[in-house]
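Q:
Numbering (this note's numbering), first residue to last: 595 to 990.
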């Protein structure tokens with residue numbers, strides 16, 4: 595018999611994917627260059643050139659068995675050491691090889707982290723607005739995701755609401771900074787306050803509460819700023835990373851979990867992740883990709899186009915009367931719709947070939963997300979469509 599749980603899930607298709615499919619179909623009618631598709635967060639800048647060169651070298655010079663054989667279940671040992679050294683050098687946390695576990699992207703990292711520090715029935719606290727896939731990520735482990743309502747002014751943490759949700763059942767707190775969908779970057783003050791509260795709750799309840807930090811946008815930040823590193827503020831922390839956005843290679847599915855060396859059972863958590871892999875099938879990510887990213891560990895693609903696009907859209911949205919917090923990073927912007935019903939707003943936008951994502955499923959009704967990882971030339975051409983949309987539908 596087919597599993598009814600997953601069969602029932604077929605009715606809950608991602609609104610992002612639905613809109614992306616609509617954009618593709620519309621593009622076949624009028625030319626995709628005429629569809630202003632802000633639906634899908636798929637990196638649009640070329641992969642880092644040094645990564646390509648490294649991969650070519652590996653294919654030309656490496657022993658085929660070393661390049662294409664299974665890596666150890668915890669990941670290529672040399673690569674794990676290179677990741678640890680990079681993090682220690684950049685963020686001052688004394689990682690060693692034993693603290694790094696290689697994964698199939700950030701999704702694989704979160705899958706392992708959640709299973710290692712929760713059990714069925716536990717609570718994981720998250721923060722709206724949030725990436726909708728967190729729901730299955732958490733709930734399919736048997737734990738339960740409870741969401742802290744959004745601070746819709748600045749998209750930092752709503753601490754009053756957070757304290758209301760904290761109880762003895764909380765095993766982990768899941769954060770995402772820079773944030774999808776808001777583009778907000780949690781400030782050092784926000785992170786320190788969160789970590790102080792978590793330490794207080796650990797002491798009050800007498801058990802570990804882990805901080806799981808989802809960080810695929812860590813390198814995409816604006817105005818010359820840097821992102822505070824959450825694991826630097828809290829011992830029981832797991833940093834979940836993906837190279838998808840920094841190097842523009844999401845299809846290669848490569849990332850890692852970094853276990854804070856001061857965490858409970860820090861020296862065996864990566865080994866525990868290896869045991870988790872036996873049950874969920876995430877073990878042994880691509881051997882060749884692990885080795886290639888290790889050769890460009892501190893490099894990124896040219897990510898400057900995202901800041902260019904953000905500035906164009908932010909200035910336009912402000913000029914047209916939208917309420918919108920200026921993003922600190924990522925390639926998303928998160929305006930408030932011009933009517934209470936963001937779903938209706940985004941449906942009206944389709945008539946102008948503007949593909950916008952209503953944020954109800956992100957936990958922030960009344961807002962919409964724009965993924966501006968598209969060509970700058972297309973961003974500029976979309977401004978006219980936006981102006982026409984707003985004038986005809988809301989200022990007529």
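All C-beta atoms in this analysis are idealised placements derived from N, C-alpha and C, irrespective of residue type, glycine included.
(1) Does the distance from the C-beta atom of residue 996 to that of residue 709 stay below 9 Å?
(2) Going by CA-CA distance only, name the one from 618, 725, 719 that's closest to residue 742.
(3) Give the single residue among 625, 912, 627, 639 whose Cα lies nearest to the Cα of residue 844.
(4) Pop quiz: residue 939 and residue 962 are said to be a contact at Cβ under 8 Å. What is the actual Cβ separation, rounded to whole angstroms?
(5) What does residue 1079 pair with, by DSSP beta-bridge criteria?
(6) Going by DSSP, name the residue or residues bridged to residue 766.
(7) Indicate whether residue 768 and residue 739 have their beta-carbon atoms separated by less than 9 Å.
(8) Report all residues from its chain with a CB closer than 8 Å to the CB of residue 745; omit the five preceding and five following residues, and keep chain order.
(9) Expressed to the nearest angstrom, what Euclidean distance is found between the alpha-carbon atoms of residue 825 and residue 944?
(10) Check whether the Cβ atoms of residue 828 and residue 872 sit closer than 9 Å, and answer yes or no.
(11) Within a Cβ cutoff of 7 Å, which residues of the same chain sit near residue 716, ignoring the five residues on either side of it in sequence?
(12) Can you tell which of 604, 629, 620 has the C-alpha that lies nearest to the C-alpha of residue 968?
(13) Check for me: the alpha helix (DSSP H) holding residue 936 runs from which residue to which?
(14) What residue does the beta strand (DSSP E) around residue 789 start on, and which one ends it?
(15) Applying the 10 Å Cβ sphere with the 16-neighbour rule, what's the burial state of residue 927?
(16) Using the DSSP secondary-structure output, state which residues sit across from residue 833 in a beta bridge.
(17) As a quick exercise: from 760, 808, 959, pick the residue whose alpha carbon is nearest that of residue 795.
(18) In terms of alpha-carbon separation, which member of 948, 988, 975 lies closest to residue 631?
(19) Where does residue 633 land, buried or exposed, given buried means 16+ other C-beta within 10 angstroms?
(20) Evaluate residue 600 with the Cβ neighbour count: other Cβ atoms within 10 Å of its Cβ, from every protein chain shown; 16 or more gives buried, anything less gives exposed.
(21) Just list the alpha helix (DSSP H) runs in the segment 843 to 907, keeping only unbroken ones of 4 residues or longer that don't cross its boundaries, in chain order.
(22) Between the alpha carbons of residue 813 and residue 985, how many angstroms are there, rounded?
(23) In the structure shown, what three-state DSSP assignment does residue 965 receive?
(24) What do you get for residue 801, buried or exposed, if any count of 16 or more other CB atoms within 10 angstroms of its CB means buried?
A: For this structure:
(1) Coverage of the chain is limited to positions 595 through 990, which leaves residue 996 absent and any answer about it impossible.
(2) Locating residue 742 in the chain shown gives position 148, where the first residue counts as 1. Of the listed residues, the one whose Cα sits closest to residue 742 is 719.
(3) Here residue 844 refers to the residue found at position 250 of the chain shown. Per the Cα distances, 639.
(4) Within the chain shown, residue 939 is the residue found at index 345, counting from 1. Within the chain shown, residue 962 is the residue found at index 368, counting from 1. Correct: roughly 7 Å between the Cβ atoms.
(5) The chain is shown only over 595 to 990; residue 1079 falls outside these bounds and no answer can be derived.
(6) The residue you call residue 766 lines up with position 172 of the chain shown. DSSP output for residue 766 lists 718, 804 as bridge partner(s).
(7) Taking the first residue of the chain shown as position 1, residue 768 is located at position 174. Taking the first residue of the chain shown as position 1, residue 739 is located at position 145. Cβ distance < 9 Å, so residue 768 and residue 739 count as in contact.
(8) Taking the first residue of the chain shown as 1, we reach residue 745 at position 151. Around residue 745: 751, 752.
(9) For this step, residue 825 is matched to residue 231 along the chain shown. For this step, residue 944 is matched to residue 350 along the chain shown. Approximately 42 Å, taken between the alpha carbons.
(10) In the chain shown, residue 828 corresponds to position 234, counting from 1. In the chain shown, residue 872 corresponds to position 278, counting from 1. No, the Cβ-Cβ distance between residue 828 and residue 872 is not below 9 Å.
(11) Position 122 of the chain shown holds residue 716. Excluding sequence neighbours, residue 716 sits near 737, 763, 765.
(12) The residue labelled residue 968 in the question sits at position 374 within the chain shown. Among 604, 629, 620, the Cα nearest to that of residue 968 is on 629.
(13) Working through the chain shown from its first residue, we reach residue 936 at position 342. Run containing residue 936: 936 to 944, per the alpha helix (DSSP H) assignment.
(14) The residue given as residue 789 occupies position 195 in the chain shown. Not the beta strand (DSSP E): residue 789 falls in the alpha helix (DSSP H), residues 782 to 799.
(15) As a working mapping, residue 927 is identified with position 333 in the chain shown. The residue is buried, with at least 16 neighbouring Cβ atoms inside 10 Å.
(16) Within the chain shown, the letter at position 239 stands for residue 833. 807, 852, per the DSSP bridge assignment.
(17) Position 201 of the chain shown, counting from 1, holds the residue named residue 795. Checking every option, the nearest Cα to that of residue 795 belongs to 760.
(18) Here residue 631 refers to the residue found at position 37 of the chain shown. Here the closest residue by C-alpha is 948.
(19) Counting from one through the chain shown, the residue named residue 633 turns up at place 39. Label assigned to residue 633: buried.
(20) Against the chain shown, residue 600 aligns to sequence position 6. Looking at its Cβ environment, which holds fewer than 16 other Cβ atoms inside 10 Å, residue 600 is exposed.
(21) 860 to 874, 881 to 889
(22) Looking up residue 813 in the chain shown gives position 219. Looking up residue 985 in the chain shown gives position 391. So the two alpha carbons sit approximately 37 Å from each other.
(23) The residue labelled residue 965 in the question sits at position 371 within the chain shown. Of the three classes helix, strand and coil, the one that applies to residue 965 here is strand, per DSSP.
(24) Here residue 801 refers to the residue found at position 207 of the chain shown. Exposed, since its Cβ has fewer than 16 Cβ neighbours within 10 Å.
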